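Taking our numbering, the leading residue of the sequence shown gets 170, the next gets one more, and so forth. Glycine is no exception: its CB is placed at the ideal position from the N, C-alpha and C atoms. It should be emphasised that the depicted structure is a prediction, and the values quoted were computed from it without experimental measurement.
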Amino acid sequence: MRLEEIHQKLVDRFGDRIIALVTTAKDPWIEVAPAAIREVCEFLRDDPDTDFDTINDLCGVDYLETDAKKKNPVEPHLEVVYHLYSYGKKHFGKLKVKLPRWRDGVAGQLPTVPSVASVWPVADWHEREAYDLVGIQFTDHPNLKRILCPEDWDGHPLRKDYEFPLEYHGIRGR
Numbered sequence: 170m171r172l173e174e175i176h177q178k179l180v181d182r183f184g185d186r187i188i189a190l191v192t193t194a195k196d197p198w199i200e201v202a203p204a205a206i207r208e209v210c211e212f213l214r215d216d217p218d219t220d221f222d223t224i225n226d227l228c229g230v231d232y233l234e235t236d237a238k239k240k241n242p243v244e245p246h247l248e249v250v251y252h253l254y255s256y257g258k259k260h261f262g263k264l265k266v267k268l269p270r271w272r273d274g275v276a277g278q279l280p281t282v283p284s285v286a287s288v289w290p291v292a293d294w295h296e297r298e299a300y301d302l303v304g305i306q307f308t309d310h311p312n313l314k315r316i317l318c319p320e321d322w323d324g325h326p327l328r329k330d331y332e333f334p335l336e337y338h339g340i341r342g343r
């Protein structure tokens with residue numbers, strides 16, 4: 170099934186919670202309203218036409234600065250990117266949700282998006298990685314805690330504005 174057909178199926182079902190279909194990029198995607206992502210993923214998994222039975226990858230991306238080379242520069246934001254696959258249908262799909270860098274514009278208040286670990290259990294560790302490194306909180310996640318950094322680590326090191334500590338437990342950085 171082509172991404173355009175999947176997009177139309179989602180628009181028919183979810184209306185304005187499906188934000189956009191972006192086909193101008195090398196790797197096209199469907200943008201979904203953050204609050205709707207779990208419901209959309211459940212539909213894509215359960216619908217016999219799409220049959221997305223697995224998620225290959227989920228990652229958090231930080232767009233801190235606008236890209237002057239792009240026609241339509243965007244405001245700084247975070248994204249969660251979902252790479253879906255159907256073994257039965259042999260097709261791929263890519264979804265994105267855009268999130269503010271900080272919830273309610275308050276520095277330190279991490280943005281939230283519903284977890285899809287209940288849809289695809291393999292998403293569990295992917296979401297933990299996005300939380301740990303980019304600072305995206307996944308609501309209703311069964312075990313949202315750091316996966317790579319120590320529990321007492323301060324901040325989220327893949328955020329573009331992250332300042333690495335000069336010292337950690339007596340160990341000096343470079």
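Would you give the residue range spanned by the alpha helix (DSSP H) that H176 belongs to? Along the sequence shown, one-based indexing puts residue 176 at 7. Residues 172-183.
Terminal residues of the alpha helix (DSSP H) in which F212 lies: To locate residue 212, count along the sequence shown from 1; it is residue 43. Note, F212: alpha helix (DSSP H), 206-215.
Short Cβ contact (8 Å threshold) for S284 with E296: Translated into the one-based positions of the sequence shown, residue 284 becomes position 115. Translated into the one-based positions of the sequence shown, residue 296 becomes position 127. Yes; because the gap between Cβ atoms is below 8 Å, this pair is in contact.
Have a look at V201 and G339 and give me their C-alpha separation to the nearest angstrom. Here residue 201 corresponds to residue number 32 of the sequence shown, with the count starting at 1. Here residue 339 corresponds to residue number 170 of the sequence shown, with the count starting at 1. Each residue's alpha carbon lies about 44 Å from the other.
Just how far apart, CA to CA, sit E320 and G342? Start at 1 with the first residue of the sequence shown, and residue 320 comes out as number 151. Start at 1 with the first residue of the sequence shown, and residue 342 comes out as number 173. So the alpha carbons of these two residues sit roughly 19 Å apart.
Per-residue DSSP class, three states only, for L302: Here residue 302 refers to the residue found at position 133 when the sequence shown is read from its first residue. L302 sits in a helix when the DSSP states are folded into three classes.
Alpha carbon to alpha carbon, how far is A292 from I188? Give it in angstroms, no decimals. Stepping through the sequence shown from its first residue, residue 188 is reached at position 19. Stepping through the sequence shown from its first residue, residue 292 is reached at position 123. So the alpha carbons of these two residues sit roughly 23 Å apart.
Neighbour-count burial assignment, T219, 16 or more Cβ in a 10 Å radius: Along the sequence shown, read from residue 1 onward, the residue named residue 219 stands at position 50. Label assigned to T219: buried.
How big is the Cα-Cα spacing for F183 and C318? Here residue 183 is taken as the residue at index 14 of the sequence shown, counted from 1. Here residue 318 is taken as the residue at index 149 of the sequence shown, counted from 1. Computed Cα separation, rounded: 37 Å.
Under 8 Å between C-beta atoms of K259 and E248: As a working mapping, residue 259 is identified with position 90 in the sequence shown. As a working mapping, residue 248 is identified with position 79 in the sequence shown. Contact flag unset, no.
Which residues DSSP lists as bridging R341, in chain order: Position 172 of the sequence shown, counted from the start, is the residue given in the question as residue 341. Answer is E336, bridged to R341.
Measuring CA to CA, which of P311, W289, P280, R328 is closest to L302? Taking the sequence shown and counting its residues from 1, one reaches residue 302 at position 133. Closest option to L302, Cα to Cα, is R328.
Just mark Y300 as buried or exposed, buried being the case when its beta carbon has 16 or more other beta carbons within 10 Å. Taking the sequence shown and counting its residues from 1, one reaches residue 300 at position 131. Buried, since its Cβ has 16 or more Cβ neighbours within 10 Å.
Taking just the CA atoms, how far does D309 sit from S255? Along the sequence shown, read from residue 1 onward, the residue named residue 255 stands at position 86. Along the sequence shown, read from residue 1 onward, the residue named residue 309 stands at position 140. C-alpha separation (whole angstroms): 25 Å.
I'd like to check one pair, V282 with P203: are the Cβ atoms closer than 8 Å? The sequence position of residue 203 within the sequence shown is 34, counting from 1. The sequence position of residue 282 within the sequence shown is 113, counting from 1. Cβ distance < 8 Å, so P203 and V282 count as in contact.
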